[in-house]
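Trainee: I'd like to ask some things about the structure below.
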Amino acid sequence: FSAQSADKSYDNLHKQLTIMNDIMLSSAKATQNSRQSLIRSIDSVYLQGQGAIFTINSAHGGSSHRQYFQTVAPLEPLAALEPLAALAPVSGGERIIMSNDEDLVIDFGEVDFEEHEDEFERVIEVFEQQREGARELRSEQREIAYELRDIDRERKDIEYQLQRAENKTKNELTAELKKLEVNRLALNKNKIKLEQKVTKLNKQREAQQIAQTKAKKEHFTALNNALVETLCLYGNGLREVPSNEFVSFIIKGAGVQKERGFKDQILVFNKKDINACANSKLTAKKLLAAAEQYQF
429 FSAQSADKSY DNLHKQLTIM NDIMLSSAKA TQNSRQSLIR SIDSVYLQGQ
479 GAIFTINSAH GGSSHRQYFQ TVAPLEPLAA LEPLAALAPV SGGERIIMSN
529 DEDLVIDFGE VDFEEHEDEF ERVIEVFEQQ REGARELRSE QREIAYELRD
579 IDRERKDIEY QLQRAENKTK NELTAELKKL EVNRLALNKN KIKLEQKVTK
629 LNKQREAQQI AQTKAKKEHF TALNNALVET LCLYGNGLRE VPSNEFVSFI
679 IKGAGVQKER GFKDQILVFN KKDINACANS KLTAKKLLAA AEQYQF
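Everything in the sequence shown is counted per the numbering used here, starting at 429 for the first residue and increasing by one.
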């Protein structure tokens with residue numbers, strides 16, 4: 429077994445992997461009649477004794493970026509005044525978070541902007557609307573909180589004066605107290621309206637999160653199915669991969685969320701199973717079920 433024959437063998441294998449890359453790109457379509465591939469890019473490598481490894485970057489923008497949204501802080505509790513109820517946190521990795529400053533961050537990672545130009549324009553537009561809405565609500569909250577504190581201080585001052593005032597002065601002070609109460613009630617009405625705006629803003633964010641999660645799941649389910657079907661149809665093309673080795677997929681960003689971004693999904697197929705599926709001895713569904721699957 430000479431070095432020259434080994435190089436020739438690997439050249440053939442390299443050609444087969446390159447052809448399989450192209451087949452996967454063209455086969456993995458978003459819909460049956462769509463020209464858009466579910467795959468943005470694909471790289472492959474062969475590890476001797478282990479098999480072929482395909483690293484797949486999905487065309488799903490949501491897998492490559494996270495959006496950081498801002499929630500509106502509740503009003504501070506004031507003496508004898510009902511505070512604005514705290515907002516319930518949103519479950520999941522993409523929950524709404526509160527920022528201590530005015531700067532919000534949106535990280536798109538390694539996304540092809542030209543390929544997804546329209547999608548990103550919509551994302552940016554929604555993001556800007558939510559950011560501006562959150563800033564306006566925070567400003568309104570601060571203003572109401574300041575006014576309520578001013579009223580509370582004035583009320584305490586008047587109550588203190590009432591304890592030492594003569595009857596004539598007491599009437600004037602009592603009238604001022606009534607006026608303060610009217611102002612306080614008006615502010616409380618504004619506070620209720622503000623609560624409604626906050627609830628609406630967070631419901632919109634939750635609805636977006638649910639829709640994004642659903643779209644991501646559907647996208648990667650379709651991608652997995654397309655990849656497995658491709659193996660069943662064209663897996664015999666990987667003739668140079670020994671039957672006792674493996675064909676693995678590393679699907680970038682297809683897993684659960686981690687601190688930054690998402691984990692990768694790993695699918696490891698036995699080459700014998702791929703051959704069986706290619707020869708109609710195993711269904712694509714059973715091939716996927718037989719694969720080792722984990723996230724890393």
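Just so it is clear, CB atoms sit at the ideal spot from N, CA and C, and this is done for glycine as well.
To which residues does DSSP link E720 through a beta bridge?
Mentor: DSSP output for E720 lists V696 as bridge partner(s).
Trainee: Compute the distance between the beta-carbons of I678 and T483, then report whether it is under 7 Å.
Mentor: Cβ distance < 7 Å, so I678 and T483 count as in contact.
Trainee: Thinking C-alpha only, which one of V684, A719 and D692 is nearest D701?
Mentor: For the residues V684, A719 and D692, the minimum Cα distance to D701 belongs to A719.
Trainee: Nearest by alpha-carbon distance to N440: which of Y474, I467 and D450 is it?
Mentor: Among Y474, I467 and D450, the Cα nearest to that of N440 belongs to Y474.
Trainee: Quick one, are the C-beta atoms of A593 and L605 less than 7 Å apart?
Mentor: Not a contact, by the Cβ cut-off of 7 Å.
Trainee: Mind checking whether G572 and K619 have CB atoms under 7 Å apart?
Mentor: Checking the displayed sequence, the identity of residue 572 turns out to be Ile instead of Gly. The answer is yes: Cβ separation under 7 Å.
Trainee: Do the segment 441–451 and the segment 656–666 meet, that is, are 3 or more Cβ pairs less than 8 Å apart?
Mentor: Flag = yes, the segment 441–451 and the segment 656–666 touch.
Trainee: Measure the beta-carbon distance from K457 to S465 and round it to whole angstroms, keeping in mind my assumption that it falls under 8 Å.
Mentor: Confirmed, Cβ separation roughly 6 Å.
Trainee: Sorry if obvious, but does the Cβ on N698 come closer than 6 Å to a heavy atom of the ligand COA?
Mentor: The ligand COA is absent from the structure shown, which contains no ligands of any kind.
Trainee: Residues in its own chain within less than 7 Å of L608 by CB, not counting five upstream and five downstream?
Mentor: Same-chain partners within the cutoff: I579, E582 and R583.
Trainee: Within 10 angstroms of its Cβ, does G479 collect 16 or more other Cβ (buried), or is it exposed?
Mentor: G479 comes out buried.
Trainee: My guess is that N707 and S671 are in contact by the Cβ rule of under 8 Å, so how many angstroms apart are they, rounded?
Mentor: Wrong, their Cβ atoms sit about 12 Å apart, outside the cutoff.
Trainee: Can you check the segment 648–701 for any alpha helix (DSSP H) of at least 4 residues that lies completely inside it and give the ranges in chain order?
Mentor: As far as the segment 648–701 is concerned, it has no whole alpha helix (DSSP H) run of at least 4 residues.
Trainee: Could you check whether V675 and L716 sit closer than 7 Å to each other, using their CB atoms as the reference points?
Mentor: No, the pair does not count as a contact, with Cβ atoms beyond the cut-off.
Trainee: Would you kindly work out how many angstroms separate the C-alpha atoms of A487 and R577, rounded to a whole number?
Mentor: Cα to Cα, A487 sits roughly 52 Å from R577.
Trainee: Taking just the CA atoms, how far does L661 sit from E646?
Mentor: Their backbone Cα atoms lie some 22 Å apart in a straight line.
Trainee: Per DSSP, what are the beta-bridge partners of G561 in this structure?
Mentor: Answer is none; G561 lacks a bridge partner.
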